[in-house]
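J.: Let me begin by handing over the structure; questions about it come next.
There are 2 protein chains.
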Amino acid sequence: MARKPEAERRSEIIDATIREIGATGNLNVTVGQIAKSAGVSSGLAFHYFKDKDTLFLAAMRTILTNYRRDVSILMKGATTPEKRLEAIANASFGLTSFRREAISAWVNFYALALRSPDARRLLYIYQRRLHSNLVYTLRPTCGARAPDVARRIGGLIDGLYLRYALDPQATDGSEGADHILRAARAEQTELHANDAMSVRDEDPNPMDPIAKPQELNDNA
Amino acid sequence: MARKPEAERRSEIIDATIREIGATGNLNVTVGQIAKSAGVSSGLAFHYFKDKDTLFLAAMRTILTNYRRDVSILMKGATTPEKRLEAIANASFGLTSFRREAISAWVNFYALALRSPDARRLLYIYQRRLHSNLVYTLRPTCGARAPDVARRIGGLIDGLYLRYALDPQATDGSEGADHILRAARAEQTELHANDAMSVRDEDPNPMDPIAKPQELNDNA
DNA sequence: TTATTAATTGATCAGTCAATCAATAATCAT
DNA sequence: ATGATTATTGATTGACTGATCAATTAATAA
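One line per chain: the protein sequences are W and F, in this order. Its first residue numbered 1, the first sequence is counted upward by one per residue in full-length UniProt numbering. Its first residue numbered 1, the second sequence is counted upward by one per residue in full-length UniProt numbering.
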């Protein structure tokens with residue numbers, strides 16, 4: 001009936017996908033369900049997305065874009081390293097990323113990455129961007145240790161996200177964000193037995209850290 | 001044909017389940033596939049496990065049992081707090097837990113926990129046990145901060161596991177284990193800006209830390 | 001042996017779903 | 001208007017699969 005331009009319909013279908021994944025908690029939602037939730041026929045969903053996996057990936061790209069936007073916004077006002085880290089932490093555990101739909105999408109996305117190279121690529125983009133942002137943020141306080149520390153902070157973000165995401169008693173992610181800041185403070189204190197160990201980690205991956213926060217695009 | 005006692009067949013079917021999940025990377029393996037891989041008919045799989053989800057949970061219990069066994073073995077020889085933490089780290093990133101099959105099972109298990117209360121319960125058992133072991137291990141060096149630090153180390157284990165598990169370039173998990181130890185060392189250094197913050201975390205969850213490493217059973 | 005129990009099969013049912021496609025309806029350009 | 005283009009439908013197909021069950025076979029006991 002109601003005719004809409006391609007771009008709008010695409011995003012409506014993507015939104016419906018995220019909604020349905022959030023409602024059921026898994027990727028076994030049928031295209032029919034999704035289409036219905038979007039108020040269109042299943043045929044249209046296939047018209048715009050060649051198959052189900054493509055649709056899921058598009059949905060995940062939207063989630064990642066939202067996350068990136070949050071980071072970007074919160075980073076704007078952050079002037080000190082401490083504030084910048086807080087921005088990253090708050091974006092990771094903030095309302096956008098911690099809604100049920102985003103959580104479902106994320107957790108299932110990890111599982112999808114196990115069998116879909118496309119999903120894996122997308123996951124790497126997220127990881128690289130996060131790592132890059134963290135290195136940039138940690139450099140002033142950690143110096144050469146920044147890449148090494150960033151790897152732990154990044155891992156901690158993912159791990160705690162998973163924890164609190166799967167904990168029905170956790171109402172929001174603020175506790176997760178607190179932990180990130182505490183971990184970073186611990187890593188940033190001067191006297192580290194670690195220093196000796198992490199010398200070899202001076203820029204372990206030369207391709208990797210770029211001076212400024214990343215704005216990579218998700219395609220490819 | 002070949003007749004075997006219940007216990008043996010059960011574990012053969014469970015092993016086949018783990019194998020097939022590992023091979024395909026997702027839970028969409030059919031019971032037929034699993035049965036075939038176990039060398040039995042699909043009917044038998046349903047005879048011993050009332051439905052597919054039950055079978056998956058049984059498989060996951062086996063994975064958790066193997067992990068627990070590894071921790072237990074490695075803990076035996078560990079006398080100092082440092083050695084004990086090393087034991088936990090090595091178990092978490094060791095060969096048993098880092099095989100492709102275990103990785104697939106774990107990642108999909110997280111997704112399953114999103115929709116299955118039974119899976120969620122099982123996941124909590126793992127998390128509580130890990131937390132408990134960490135608190136016990138960290139107490140000597142962290143004192144009152146142990147529960148708080150344990151939450152981060154636990155999260156870091158999960159997060160880094162996910163990272164390296166989904167990284168095809170990572171051959172083993174030894175790098176993950178290294179990170180755990182470094183993070184712990186950072187948290188254990190004396191002069192912490194954190195100390196003031198984490199006072200309120202003195203035993204945040206009274207139900208939680210128990211003096212000795214846990215040997216909870218997985219049922220219920 | 002014979003009766004009883006336990007293990008195992010495989011065909012079958014009933015339902016589901018991704019993907020296709022021919023047909024229709026709305027919009028636009030001329 | 002007219003034709004071309006774009007959006008949209010929904011019926012259909014073809015393949016798949018979880019679960020059931022009646023029948024069969026092997027082991028055990030009496």
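Even glycine gets a Cβ: it sits at the ideal position worked out from N, Cα and C. What you are looking at is a predicted structure, and each value in this text was computed from that prediction instead of being measured.
Which runs of the alpha helix (DSSP H), 4 residues or longer, sit entirely within the segment 21 to 86 of chain F?
T.: Listed in chain order, they are 31 to 38, 42 to 48, 52 to 76.
J.: Report the three-state DSSP secondary structure of residue 225(W) (helix, strand or coil).
T.: This structure cannot settle anything about residue 225(W), because the visible part of chain W is limited to 1 through 220.
J.: Excluding sequence positions up to five away, which residues of its chain have a Cβ less than 8 Å from the Cβ of Ala196(W)?
T.: No answer about Ala196(W) holds up, because its pLDDT of 45 lies below 50 and its placement is not dependable.
J.: Is the CB of Tyr110(W) under 9 Å away from at least one CB in chain F?
T.: Yes, Tyr110(W) counts as interfacial toward chain F.
J.: Name the two residues that bound the continuous alpha helix (DSSP H) containing Gly176(F).
T.: Start and end: 174 to 188.
J.: Under 9 Å, Cβ to Cβ, is there at least one residue of chain W near Leu77(F)?
T.: The sequence shown places Gly at residue 77(F), rather than the Leu named in the question. Not an interface residue.
J.: Tell me the rounded alpha-carbon separation between Cys142(F) and Ala91(F).
T.: For Cys142(F) and Ala91(F), the distance between alpha carbons rounds to 22 Å.
J.: Would you say His179(F) lies against chain W (beta-carbon separation less than 9 Å)?
T.: Yes, its Cβ sits closer than 9 Å to a Cβ of chain W.
J.: Report yes or no: is there a C-beta of chain F within less than 9 Å of the C-beta of Asp203(W)?
T.: Low confidence applies to Asp203(W): its pLDDT is 43, below 50, so where it sits in the model is not reliable, and the reading given next is rough at best. Not closer than 9 Å to any Cβ of chain F, the Cβ of Asp203(W) fails to qualify, so no.
J.: Assign Ser104(F) to buried or exposed, taking buried as 16 or more other Cβ atoms, counted over all protein chains shown, within 10 Å of its Cβ.
T.: Buried: at least 16 other Cβ atoms inside 10 Å.
J.: Quick check on Tyr67(F) - is its C-beta less than 9 Å from some C-beta in chain W?
T.: No, its Cβ sits nowhere closer than 9 Å to a Cβ of chain W.
J.: With distance defined between alpha-carbon atoms, name the residue in Leu134(W), Glu101(W), Ala113(W), Tyr48(W) nearest to Ile18(W).
T.: Ranking Leu134(W), Glu101(W), Ala113(W), Tyr48(W) by Cα distance to Ile18(W) puts Glu101(W) first.
J.: Would Arg10(F) pass as a contact of Phe49(F) if the rule is Cβ separation under 9 Å?
T.: In this structure, Phe49(F) lies closer than 9 Å to Arg10(F) by Cβ.
J.: Of the residues that make up the segment 78 to 109 of chain F, which ones have a beta carbon closer than 8 Å to any beta carbon in chain W?
T.: Cβ contacts with chain W: Ile103, Ser104, Val107, Asn108.
J.: Would Ile14(F) pass as an interface residue toward chain W - the criterion being a Cβ-Cβ separation below 9 Å?
T.: By this cut-off, Ile14(F) is not an interface position.
J.: Would you mind reading off the limits of the alpha helix (DSSP H) that contains Ala102(W)?
T.: Counting along the chain, the alpha helix (DSSP H) containing Ala102(W) begins and ends at 100 to 113.
J.: Any beta carbon of chain W sitting closer than 9 Å to that of Arg152(F)?
T.: So, interface residue.
J.: Does the beta carbon of Ala2(W) come closer than 9 Å to any beta carbon on chain F?
T.: No, because no Cβ of chain F sits closer than 9 Å to the Cβ of Ala2(W).
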